[in-house]
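Undergrad: Sharing a structure, written as structure tokens. Questions coming.
Residue numbers (the numbering used here): 2 to 107.
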């Protein structure tokens, strides 16, 4: 009652061109190309998740093109060109002067 088109003595998961005297786990296979997305973290950029607006500029990365935030967007949104939040500096009009008795009038 077994199917006759598959031989019984050959394991299905072992390639036919490799030596059978080595255990399957010890054989190393060299990938021809890296696995797509192997270095990815699995988290989409904030603009894809709807947390921030989409970058408006492009940057040539030497084989692919990245979307980056323009100078205007960086200033307005408080991010760097890749969308990472940067610390905003507090700006005050005029110089800061300590209030002491010598510089107070009145």
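Even for Gly, the Cβ is constructed at its ideal location relative to N, Cα and C.
From a predicted model like this one, the values you see are computed outputs, not experimental measurements.
To which residues of the same chain is residue 69 closer than 6 Å at the C-beta, ignoring the five residues directly before and after it?
TA: 56, 58, 60 and 82
Undergrad: Assuming residue 45 and residue 84 form a contact by the criterion Cβ under 8 Å, report the distance between their Cβ atoms to the nearest whole angstrom.
TA: Going by Cβ atoms, the distance from residue 45 to residue 84 rounds to 12 Å, so no, they are not a contact pair.
Undergrad: Got a sec? Which residues, its chain only, sit under 8 Å from residue 86 by beta carbon, not counting five neighbours each side?
TA: Exclusion of the five residues before and after residue 86 leaves 79 and 80 as the residues of its chain whose Cβ lies within less than 8 Å of its Cβ.
Undergrad: Could you please give the first and the last residue of the uninterrupted beta strand (DSSP E) stretch that includes residue 68?
TA: 66 to 69
Undergrad: Any idea if residue 88 is buried or exposed, counting beta-carbon neighbours within 10 angstroms, 16 or more meaning buried?
TA: exposed
Undergrad: If I follow the unbroken alpha helix (DSSP H) through residue 73, where does it start and stop?
TA: 72 to 78
Undergrad: Check residue 86 in the structure and name its three-state DSSP category.
TA: strand
Undergrad: For residue 60, write down the residues that DSSP places opposite it in a beta bridge.
TA: 67
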